[in-house]
Structure formats: structure tokens, C-alpha cells
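Here the sequence shown is numbered in the working numbering, starting from 16 and rising by one per residue.
All residues carry an ideal CB built from backbone N, CA and C; glycine is no exception.
Since the model is a prediction, treat every value here as computed from it, not as a measurement.
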Amino acid sequence: MLPIKKILKDPILIETLLRTKDPSVSLEELINQYHAYTEHLSTFEKLKEKLNEMRSLTIKNAEEFSERLKELCAECGIALVYTPYVKNTNVNGATRWLTPKKALIQLSLRYTYADCFWFTFFHEIGHLIKHGRKDVYVDFSNGHDNSELEKEADQFAQKTLIPSNASFEMFKQSLTPENLKIKILYFSKENNIDTGIVAGRLAKETGKWSLVAHFRKQLCLREYKD
Ligand SMILES: [Zn+2]
């Protein structure tokens with residue numbers, strides 16, 4: 016298969032590819048599809064460029080990162096909004112495309128643990144990067160939706176936060192009650208990530224939340240004021 020950048024530089028090839036899919040599609044429609052696709056891709060490309068910087072904010076406290084995260088999102092055409100929790104809804108976050116170029120991510124202030132916040136944030140980014148633009152994605156804290164889309168968004172969040180499953184496995188296998196603290200601190204530093212995120216994933220995989228509870232920090236995010 017040809018690299019996507021090469022395909023995009025060749026409108027005739029695009030037309031051929033699209034026509035092969037559906038010969039009845041008009042040229043005007045093909046052009047519209049092409050423009051929508053390139054705009055879509057450019058949002059993705061911007062997002063991919065910013066992902067590392069977004070991830071690097073996990074080690075900062077809420078006052079330091081909350082506005083910067085919004086700015087980074089805005090540079091990619093994403094409006095990021097921190098919304099007050101609506102009682103009994105169990106909603107952690109929601110994502111939707113507002114136009115072909117602009118998307119909205121709403122993060123609920125229900126769980127203000129840093130690891131929950133960042134996992135939900137990158138889960139929503141995963142929906143934007145990996146999934147269609149017609150659906151509205153609403154994510155609940157009880158995680159009852161086991162659809163493929165939700166699993167993919169979870170995997171995206173997990174891999175963005177801790178890219179190497181192999182190194183996390185090695186880290187996990189090396190833990191003892193005596194070295195737990197130093198190992199979590201070291202692994203977090205080595206991966207340039209908040210200790211709470213490492214602790215949160217460890218607890219999620221082992222079920223031993225109490226063992227790592229003190230590594231998880233709570234965020235003091237300002238409520239949505241508009
Ligand atoms: Zn989701």
C-alpha cells in the first residue's frame with residue numbers, strides 16, 4: 016500500500032481510489048470528500064504533534080496545566096471544557112465533532128484523581144483520532160460499554176500514557192512490598208509521567224488500590240465558569 020502522504024499529493028490517484036469504491040459518486044462529491052478528509056487528517060496530524068506535550072503536562076499540578084491543555088487542544092481545533100458533574104449521571108467525559116474541523120471534549124469534574132482525569136482525556140482523544148465523526152461518545156465511570164470503539168479508545172489512552180506494555184510488565188513483575196515505593200517513583204521518572212498514573216494502572220491490573228492509594232493525587236481543577 017502507498018504511503019498516505021503520497022496518495023494525498025496525487026488528486027488523480029485519490030479520484031481513482033474513491034471511484035473504485037463507488038463509481039456512481041459525482042466528481043463534486045469526490046472533491047468534497049477529499050477536502051473533508053484532508054481537513055480531518057490535518058487535525059489528526061496536529062494532534063499527533065501535540066500528544067507528547069499534552070502527556071508531559073501530567074507531571075504538573077492543575078493550576079499549571081489546565082489552561083495550557085486547553086490551548087494545545089485549541090491549536091488542534093478542539094474545544095476542551097471542564098464541566099461540573101451532573102449528579103447521578105456517572106459521566107466521566109464526552110466527545111463530539113461540531114464541524115468537520117472542530118471537536119468538543121467535555122471532561123467531568125466527578126473524579127478529580129489525576130490518573131482518572133488523564134486516562135479519560137486521552138480516551139476522548141482516542142475517539143477523535145480513531146473513530147468516526149458522526150457519533151457522540153459519552154463515557155461513564157462504571158465502564159459498562161464494552162464495545163470495540165470503547166476498548167480501542169481505552170487502549171489508545173493506555174498506550175499514550177505508558178507506551179511500552181513490555182516495560183510495564185517487567186516493572187510489575189519486579190515489585191515487592193519493600194521496593195514498591197522506590198520502583199513506582201523510578202518508573203514514573205523514567206517515563207516522565209505522574210506517579211499517580213503508574214499507581215492507577217498498577218491498581219487497575221492488580222485490584223490492590225489500597226496499596227498504592229497514597230501515590231494518587233487529587234486535582235483541584237477550576238469549574239467551568241462560562
Ligand atoms: Zn469512550
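The segment 77 to 85 makes no contact with the segment 102 to 111: fewer than 3 CB pairs, one atom from each, lie closer than 8 Å. Shortest gap from the CB of Y100 to any heavy atom of ligand 1: 7 Å or more. Judged by DSSP secondary structure, T110 falls within the beta strand (DSSP E) whose first and last residues are 106 to 112. Of the candidates T73, V153, L119, L143, T73 places its Cα closest to the Cα of S203.
Inclusion of A214 and I197 in the CB contact set at 8 Å is not warranted, their separation being larger than that value.
For V151, no beta strand (DSSP E) run applies, since DSSP gives it neither H nor E.
Any heavy atom of ligand 1 counts here; residues with a Cβ closer than 5 Å to one of them, in chain order, are Y152, D154, E165, A168. As computed with DSSP, T98 is found in a beta bridge with S123. Beta-bridge pairing by DSSP links A118 to I93, W112. Taking the Cβ atoms as the reference, G141 lies roughly 7 Å from E167, within the contact range of under 8 Å. Note that the C-beta distance between V96 and L119 is below 8 Å. If you look at Y201, you'll find it in the alpha helix (DSSP H) that goes 195 to 205.
In the DSSP assignment, A218 falls within the unbroken alpha helix (DSSP H) covering 210 to 221. For Q173, no pairing in a beta bridge is given by DSSP. From the listed residues L236, H138, R231, the smallest Cα separation to D209 is found for R231. Nearest neighbour of T221 by Cα position, chosen from I177, K174, E64, E184, turns out to be E184. An exposed status is given to T191, since fewer than 16 other beta-carbon atoms sit within 10 Å of its beta-carbon.
Taking C-beta atoms as the reference points, F155 and V106 count as a pair closer than 8 Å. Out of F136, L195, E90, T58, the CA that lies nearest to the CA of T98 is found in F136. Considering only T114, K174, I177, the residue with the shortest C-alpha distance to D150 is T114. Excluding residues up to 5 positions away in sequence, F59, L62, K63, F171 lie with their Cβ nearer than 8 Å to the Cβ of I144 in the same chain. Excluding residues up to 5 positions away in sequence, H146 lie with their Cβ nearer than 6 Å to the Cβ of L164 in the same chain.
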